[in-house]
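Structure first, then comments.
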Amino acid sequence: MVCVLPVIISAIENPKDRDLMTEFYLTQNTRMYAEAWKYLSTPEDVEDIVYEALTRIIEKIETFRSLLPPQRLQYAVTTVRNLSYIYTTRKNLHPTVPFEEICFELTTDSEDSPEALVEKRVFFKHLRDVWQEIKTEERMLLEQKYILRWTDEEIAEKLCIKSQSVRMRMTRAKRSVLKELQKNGFDLAQWK
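According to the numbering used here, the sequence shown is numbered sequentially starting from 5.
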């Protein structure tokens, strides 16, 4: 069987990083695919998840490069596992609706004035505008918590960390969102 190198690896500019990812993919792609097949049932989904995992690994190439070969494999397999789990969970909740298209339901509370409802709509518009600018890991964490409605314990279990670490990561992720909102002209002071 001939192994075709994904375009994303060929597009890596740094030759050493490209060689590292090429060698890794050629020797370990079967392990990544096998992990995805544990959670997914169609070849297209498996291919998408492995490709997305490679994309995320390349985004963190410095971290990946610093790992020993067995750690690299574990890092890749864990990335595939987490993405597969998130994909299947999200698919069950919202079959084909990405975050950017989610229409946030703004319920009218007796305490909400029309101005407050407009402010909420404006906030969610700003949030959708910056969503893709947020680091992948932070975005995934926020999606797990607020869209998939996982508990801290469920997130901790999937990430193999303590639930206290989830809270710290959530704090950092929220700060990143606020920073992106401010960078894009959102005046945070008016929302406090």
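Glycine is no exception: its CB is placed at the ideal position from the N, C-alpha and C atoms. Remember, it's a predicted structure, so these values are computed and weren't measured experimentally.
### Query
In this structure, does DSSP put H98 in helix, strand or coil?
In the sequence shown, residue 98 corresponds to position 94, counting from 1. Per-residue confidence for H98 stands at a pLDDT of 47, beneath the threshold of 50, marking its modelled position as unreliable; no derived number is given.
#### Entry: Residue closest to Y37, alpha-carbon to alpha-carbon, out of T140, E51, T31, I61
The count along the sequence shown starts at 1 and reaches residue 37 at position 33. That would be E51, whose Cα lies nearest to the Cα of Y37.
#### Entry: First and last residue of the uninterrupted alpha helix (DSSP H) at L24
By one-based count along the sequence shown, residue 24 stands at place 20. 19–43 is the extent of the alpha helix (DSSP H) around L24.
### Query
If you count every other CB in all the chains shown that lies within 10 Å of the CB of Y43, and 16 or more means buried, which is it?
Your numbering for residue 43 matches position 39 in the sequence shown. Answer is buried; the Cβ neighbour count reaches 16.
### Message
By the DSSP assignment, the alpha helix (DSSP H) with Y55 in it spans what residues?
### Response
Taking the first residue of the sequence shown as position 1, residue 55 is located at position 51. Where Y55 is concerned, the enclosing alpha helix (DSSP H) stretches over 47–63.
### Task
Please name the residue in R171, M172, R179, M144 whose C-alpha comes closest to that of R94.
Numbered from 1 along the sequence shown, position 90 holds the residue referred to as residue 94. Cα-wise, what sits closest to R94 is M144.
### Query
From which residue to which residue does the alpha helix (DSSP H) around S14 run?
Here residue 14 refers to the residue found at position 10 when the sequence shown is read from its first residue. S14 -> alpha helix (DSSP H) spans 11–14.
### Message
Can you give me the C-alpha to C-alpha distance between W154 and A57, rounded to a whole angstrom?
### Response
For the purposes of this step, residue 154 is taken as residue 150 along the sequence shown, with counting starting at 1. For the purposes of this step, residue 57 is taken as residue 53 along the sequence shown, with counting starting at 1. Taken atom to atom, the span from the alpha-carbon of W154 to that of A57 is near 21 Å.
### Query
Under a three-way DSSP split, which group does N188 fall into?
Here residue 188 is taken as the residue at index 184 of the sequence shown, counted from 1. N188: coil per DSSP, three-state reduction.
#### Entry: Other residues of its chain near I1: CB distance less than 8 Å, five sequence neighbours each side excluded
Residue 1 lies beyond the stretch modelled for the chain, which goes from 5 to 196, so this question has no answer here.
### Residue burial classification, A120 (beta-carbon count within 10 angstroms, cutoff 16)
Counting from one through the sequence shown, the residue named residue 120 turns up at place 116. Within a 10 Å sphere around the beta-carbon of A120 sit fewer than 16 other beta-carbons, which makes this residue exposed.
### Query
Relative to the alpha-carbon of V170, which residue among K183, D49, L146 has its alpha-carbon at the smallest distance?
Start at 1 with the first residue of the sequence shown, and residue 170 comes out as number 166. Of the candidates K183, D49, L146, the one whose C-alpha sits nearest the C-alpha of V170 is L146.
### Task
Counting only the same chain and skipping the five closest in sequence on each side, list residues whose C-beta sits under 7 Å from that of R76.
As a first step, residue 76 must be located in the sequence shown, where it is residue number 72. Counting only Cβ-Cβ distances below 7 Å, and skipping sequence neighbours, we find F28, F68.
### Task
Check S117 in the structure and name its three-state DSSP category.
Your numbering for residue 117 matches position 113 in the sequence shown. Coil at S117, not helix or strand.
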